[in-house]
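The structure appears below as structure tokens.
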DNA sequence: CGGTGATGAAGAG
DNA sequence: TCTTCCTCACCGG
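So this is what it looks like as structure tokens:
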């Protein structure tokens, strides 16, 4: 579930459920999650907010003014950056409904308290305390589209772009937020074979952007065309965001929005499509030609 | 019951 | 480049 759109929706979810809520005490980490750090933070009263960037979410724990007035060394706001792995999600429940596999819990001051929890069945998710965005992850395909685009198009000399386009689309240094379903949908809708070199797909876009820049100076209007691959990364991710929720969400409409998401998928997990396993061991769904860089050693 | 694969990376060599 | 980290749902015998 967790690709850029889900992470973005997770941040939105946190902000919605935490609006006007006051949290208190220490965050609690599950015993079994020995890989991730404790969150050394304690305040009698704090608020929680979140922002997303690609496939990361940053929570902020913000001590309230009433805390500061009182005494003590005022602990500033503490940031925690999450990556969701294959199964991460935030939930907001009563204590008695705390989900199985909740691994990091934040309690509200209410009586009885409510709990914001990071739930992660497979425990591939990670969090870092006091951290910023992970170094080497590129701009967000959803929220930083122009930076994302220019970062990719100005980096085409990087040998990373020798790889097949379907594999480069999962490279978070350049495509922060794209995952296995988005890459399939993007390539399918453009009819691009998954195993052609990324550079061959992207170089024409760099040339086109140069042309636009030159014509722009001359005041020439360019005809609007079909969205290109980079635009589609942004556009399709935004479409999924606008579906409201995909597979998580405890919202009452979660079932219908899940159905809406399944209907939205045209390629991923569609039995009419072909599949191959890429060089990273990930299944790519596609239609038509595989492309010249397809793994040779497969049989059926 | 066993085998498989799942919206993602780390870490090892 | 490859293996590993985890749990669970699904499918076939």
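Numbering (this note's numbering), first residue to last: 215 to 514. Built from N, CA and C at the ideal position, the CB exists for glycine as well. Quantities reported herein were computed from a predicted structural model and do not represent experimental measurements.
Tell me, please, which residues DSSP counts as bridged to residue i.
{"i": "residue 491", "result": "497"}
{"i": "residue 271", "result": "266, 296"}
{"i": "residue 390", "result": "354"}
{"i": "residue 261", "result": "276"}
{"i": "residue 316", "result": "333"}
{"i": "residue 243", "result": "318"}
{"i": "residue 308", "result": "328"}
With a threshold of 16 other CB atoms inside 10 Å of the CB of residue i, please say whether the residue is buried or exposed.
{"i": "residue 233", "result": "exposed"}
{"i": "residue 482", "result": "buried"}
{"i": "residue 488", "result": "exposed"}
{"i": "residue 256", "result": "exposed"}
{"i": "residue 390", "result": "buried"}
{"i": "residue 400", "result": "buried"}
{"i": "residue 229", "result": "exposed"}
{"i": "residue 492", "result": "buried"}
{"i": "residue 309", "result": "exposed"}
{"i": "residue 466", "result": "With a pLDDT of only 47 at residue 466, under 50, the local geometry of the prediction cannot be trusted, and the value read off the model is given with reservation. With fewer than 16 other Cβ atoms within 10 Å, it is exposed."}
{"i": "residue 484", "result": "exposed"}
{"i": "residue 462", "result": "In this prediction, residue 462 has a pLDDT of 45, which is less than 50 and means its spatial position is unreliable; nothing more can be read from the coordinates."}
{"i": "residue 408", "result": "buried"}
What are the boundary residues of the alpha helix (DSSP H) that includes residue i?
{"i": "residue 231", "result": "218 to 232"}
{"i": "residue 379", "result": "379 to 382"}
{"i": "residue 362", "result": "359 to 367"}
Tell me the DSSP secondary structure of residue i in three-state form.
{"i": "residue 400", "result": "helix"}
{"i": "residue 479", "result": "coil"}
{"i": "residue 277", "result": "strand"}
{"i": "residue 419", "result": "helix"}
{"i": "residue 445", "result": "helix"}
{"i": "residue 505", "result": "coil"}
{"i": "residue 342", "result": "strand"}
{"i": "residue 236", "result": "coil"}
{"i": "residue 410", "result": "coil"}
{"i": "residue 303", "result": "strand"}
{"i": "residue 432", "result": "helix"}
{"i": "residue 253", "result": "coil"}
{"i": "residue 473", "result": "helix"}
{"i": "residue 371", "result": "coil"}
{"i": "residue 465", "result": "Here residue 465 scores only 48 on pLDDT, less than 50, and its place in the model is too uncertain to base an answer on."}
{"i": "residue 457", "result": "coil"}
{"i": "residue 439", "result": "coil"}
{"i": "residue 376", "result": "helix"}
From residue i to residue j, what does the alpha carbon distance come to, in whole angstroms?
{"i": "residue 302", "j": "residue 424", "result": "40 Å"}
{"i": "residue 494", "j": "residue 343", "result": "29 Å"}
{"i": "residue 267", "j": "residue 296", "result": "10 Å"}
{"i": "residue 238", "j": "residue 269", "result": "28 Å"}
{"i": "residue 341", "j": "residue 249", "result": "9 Å"}
{"i": "residue 428", "j": "residue 386", "result": "30 Å"}
{"i": "residue 526", "j": "residue 476", "result": "No statement about residue 526 is possible, as the shown extent of the chain runs from 215 to 514 and does not include it."}
{"i": "residue 501", "j": "residue 405", "result": "8 Å"}
{"i": "residue 416", "j": "residue 470", "result": "37 Å"}
{"i": "residue 430", "j": "residue 383", "result": "29 Å"}
{"i": "residue 569", "j": "residue 323", "result": "Residue 569 cannot be examined here, being either before or after the span of the chain that is shown, 215 to 514."}
{"i": "residue 315", "j": "residue 339", "result": "12 Å"}
{"i": "residue 509", "j": "residue 411", "result": "13 Å"}
{"i": "residue 244", "j": "residue 263", "result": "22 Å"}
{"i": "residue 346", "j": "residue 426", "result": "35 Å"}
{"i": "residue 414", "j": "residue 440", "result": "18 Å"}
{"i": "residue 353", "j": "residue 276", "result": "25 Å"}
{"i": "residue 349", "j": "residue 388", "result": "12 Å"}
{"i": "residue 291", "j": "residue 217", "result": "27 Å"}
{"i": "residue 381", "j": "residue 445", "result": "18 Å"}
Check for me: the beta strand (DSSP E) holding residue i runs from which residue to which?
{"i": "residue 330", "result": "328 to 334"}
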